[in-house]
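Residue 41 is where the sequence shown starts when you use this note's numbering, and the numbers rise one by one after that.
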Amino acid sequence: MKTTWLKTTLALTISAASAQALANGIAINEQSASGAGTAYAGRASSALDASTVFGNPAGLSKLKRTEVSGGLAIVDAKDDISDAQGPNKGSNKGDSVPLAAVPFGYVSTPINDDFTFGFGMYVPYGIINDYENGFQGSYHGSYSKVQVITLQPTIAYKINDKVSVGFGPTINRIDGQLKNDLATNALNGGKGDTHIDIKGDDTALGYNIGVMVDLTDDTTWGLTYHSKVDYHLDGRTKVKNAPNGLGLNGSYDAKLDITLPENVDTSFTHKFDDKWTGYIGAVWTRWSRLDKIEVENSGVPALGQALGFGTIGENLNWKDTWSGSIGASYQLNQEWVLRTGYAYDPSPTSNADRNVRIPVGDRQIVTFGAGWSPNADLTVDVAYAYLWEDTASVNQEGTALQPAYSAKYDNSANGLTAQVTYRF
41 MKTTWLKTTL
51 ALTISAASAQ
61 ALANGIAINE
71 QSASGAGTAY
81 AGRASSALDA
91 STVFGNPAGL
101 SKLKRTEVSG
111 GLAIVDAKDD
121 ISDAQGPNKG
131 SNKGDSVPLA
141 AVPFGYVSTP
151 INDDFTFGFG
161 MYVPYGIIND
171 YENGFQGSYH
181 GSYSKVQVIT
191 LQPTIAYKIN
201 DKVSVGFGPT
211 INRIDGQLKN
221 DLATNALNGG
231 KGDTHIDIKG
241 DDTALGYNIG
251 VMVDLTDDTT
261 WGLTYHSKVD
271 YHLDGRTKVK
281 NAPNGLGLNG
291 SYDAKLDITL
301 PENVDTSFTH
311 KFDDKWTGYI
321 GAVWTRWSRL
331 DKIEVENSGV
341 PALGQALGFG
351 TIGENLNWKD
361 TWSGSIGASY
371 QLNQEWVLRT
381 GYAYDPSPTS
391 NADRNVRIPV
401 GDRQIVTFGA
411 GWSPNADLTV
421 DVAYAYLWED
431 TASVNQEGTA
441 LQPAYSAKYD
451 NSANGLTAQV
461 TYRF
């Protein structure tokens with residue numbers, strides 16, 4: 041039997057309030073401080089350092105020395121909740137996303153005049169959403185955490201003086217945890233609600249491929265394709281404080297098959313003169329792969345099967361999106377370069393399907409950055425980003441065990457990214 045009775049109990053293992061990340065949906069953009077300064081405009085057409093392993097692996101051909109580059113992004117997100125309506129209990133404090141740190145690191149080394157090797161470690165997805173105890177919407181999601189860590193060995197080939205290509209398989213590790221409540225206090229003799237806690241993990245393969253073309257001495261075009269990744273998560277569903285008569289308290293094996301979508305990043309970089317460089321880019325993401333999910337729980341007793349605990353499903357109805365960005369850099373002197381950028385990133389969900397785990401709206405981002413190179417061997421990059429979203433409405437229908445909840449979310453975030461690159 042299939043049910044939507046607990047539809048947000050196991051809702052998308054990687055779903056949460058992604059106001060924490062500086063990309064929309066459930067993606068993260070923080071893989072480079074040098075790219076962050078221009079809002080990642082030109083990410084596919086520039087090779088500023090070894091972080092091009094992620095941005096466009098073909099760009100490794102432009103790095104003539106061995107490089108080690110690494111850094112950290114700190115994201116401070118805020119979600120303000122207003123006009124909340126739900127069960128006659130609880131609070132709506134918002135600010136459910138704790139301070140988060142996103143690490144990244146890369147290495148690049150030329151093999152010969154034609155081939156360059158690179159390796160990267162980065163986080164393409166990673167969210168924490170931790171509502172306060174007694175959150176009014178906890179029946180639709182009280183805690184959500186996911187992290188995806190990717191390792192990417194990469195090879196780039198310089199076809200000629202104008203064209204380079206690059207390819208790297210990705211090894212992706214996903215870990216997730218979700219919690220929410222069920223309104224069973226009245227059925228439970230006043231002993232409180234039922235608590236659901238789900239954990240799962242998997243390791244899966246994908247790939248990253250790119251091409252970079254110098255159209256003229258001053259203009260470069262690039263295109264990068266990040267593949268979809270198919271995950272088959274194994275985990276446990278724990279049920280606590282359920283009414284004794286249901287016989288549901290315990291731990292059950294859980295399986296979830298889900299595909300994180302592919303995206304295409306294309307951009308142009310143009311050098312206007314010795315001082316000014318401009319960047320423009322666009323990213324298409326096939327979010328429609330997240331149309332629905334189904335979780336299979338095994339070992340559920342007969343009554344639980346009859347109540348729908350065997351197969352739990354939810355329709356997400358996400359849509360494909362195009363995001364765009366524009367940026368510029370100014371070479372102040374031999375040591376300093378200044379950067380700025382703007383990006384628009386629409387939400388893949390709508391008012392009809394948005395929930396408390398993913399309360400994101402259409403997003404705008406402004407960035408400022410700088411790079412300091414005291415010598416030819418060392419570069420330190422920093423970037424600051426501020427994002428804000430259109431007011432996002434959450435309207436979740438209710439059942440006897442999951443009362444309806446609606447609210448308006450106003451999300452914003454500050455991000456600070458720093459990176460050090462050393463060349464040998």
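Backbone N, C-alpha and C fix where the C-beta goes; we use that ideal spot for every residue, glycine too.
Residues near residue i by beta carbon distance below 6 Å, same chain, minus five either side
i	result
Val205	Ala98, Tyr197 and Val251
Gly364	Ala322 and Tyr384
Thr40	The structure shown has nothing for residue 40, since the chain only spans 41 to 464.
Gly367	Thr78, Ala79, Ala81, Tyr319 and Gly381
Val269	Asn212, Ala244, Gly246 and Leu300
Gly65	Trp327 and Pro388
Phe464	Thr106
Thr309	Gly82, Ser85, Ser86, Thr260 and Tyr319
Residue i versus residue j - alpha carbon distance
i	j	result
Asp116	Asn200	44 Å
Thr190	Thr256	34 Å
Gly246	Lys231	47 Å
Ala76	Pro341	51 Å
Thr431	Tyr171	19 Å
Thr43	Thr260	Residue confidence for Thr43 is low, a pLDDT of 39 falling below 50, so the modelled location carries little weight and cannot support an answer.
Leu343	Ser291	15 Å
Ala458	Ala425	12 Å
Asn454	Val422	14 Å
Thr361	Thr325	6 Å
Cβ-Cβ separation, residue j to residue i (assumed contact under 8 Å), whole Å
i	j	result
Glu429	Val396	About 15 Å; that fails the 8 Å criterion.
Val142	Ile68	6 Å
Arg379	Gly339	Incorrect: roughly 54 Å between the Cβ atoms, too far for contact.
Asp221	Asp233	4 Å
Ser242	His272	Position check: residue 242 holds Asp in this sequence, whereas Ser was assumed. At roughly 6 Å, the Cβ-Cβ gap stays under 8 Å, so Asp242 and His272 are in contact.
Ile195	Phe157	6 Å
Glu375	Trp412	6 Å
Tyr179	Gln442	4 Å
Leu100	Ser148	5 Å
Residue i: first and last residue of the uninterrupted beta strand (DSSP E) it sits in
i	result
Ala113	Glu107 to Gln125
Phe155	Phe155 to Asp170
Val269	Val269 to Lys280
Gly411	Arg403 to Asn415
Phe207	Val203 to Leu222
Gly262	Thr259 to His266
Asp474	Examination of residue 474 is not possible in this model, given that the chain is present from 41 through 464 alone.
Val485	As displayed, the chain neither begins before 41 nor continues past 464, which places residue 485 out of reach and without an answer.
Phe144	Ala140 to Pro150
Gly455	Tyr445 to Arg463
Tyr80	Careful: Tyr80 lies outside any beta strand (DSSP E) and carries neither H nor E.
Ala392	Premise fails: Ala392 is in no beta strand (DSSP E) and is neither H nor E.
Pro341	Note, Pro341: premise wrong, no beta strand (DSSP E); not H, not E.
Gly321	Trp316 to Thr325
His310	Asn303 to Lys311
Asn435	Ala432 to Gln436
Range covered by the alpha helix (DSSP H) that runs through residue i
i	result
Gly75	Ala73 to Ala76
Thr92	Thr92 to Gly95
Near the ligand FMN: residue i beta-carbon under 6 Å from a heavy atom
i	result
Met161	What this structure holds is no ligand at all, so the ligand FMN is not there to describe.
Option in the options with minimal Cα separation from residue i
i	options	result
Asp154	Ser182, Ser136, Phe144 and Val203	Val203
Pro193	Val93, Trp412 and Ile398	Val93
Ala416	Lys448, Phe408, Thr407 and Val460	Val460
Gly160	Ser131, Asn248 and Asn373	Asn248
Asn228	Lys239, Gly287 and Gln217	Gly287
Asn225	Gly216, His235 and Gln217	His235
Lys332	Gly350, Thr317, Asp297 and Asp258	Asp297
Asp274	Ser307, Ser267, Leu330 and Asn337	Asn337
Sequence-distant residues of the same chain with beta carbon closer than 8 Å to residue i, five excluded per side
i	result
Glu437	Ala444
Lys104	Pro150
Asn289	Val279, Lys280, Asn281 and Ala282
Gly177	Ala124, Gly126, Gly130, Asn132, Tyr171, Val396, Val434, Gln436, Tyr445 and Ala447
Lys467	As displayed, the chain neither begins before 41 nor continues past 464, which places residue 467 out of reach and without an answer.
Asp393	Asn355, Leu356, Asn357 and Trp358
Close beta carbons around residue i, own chain, < 7 Å, minus the five adjacent residues each side
i	result
Lys359	Trp327, Ser328 and Pro388
Ser182	Tyr171, Phe175, Lys219, Asn220 and Asp221
Pro164	Ala67, Ile68, Val188 and Thr190
Leu372	Leu378
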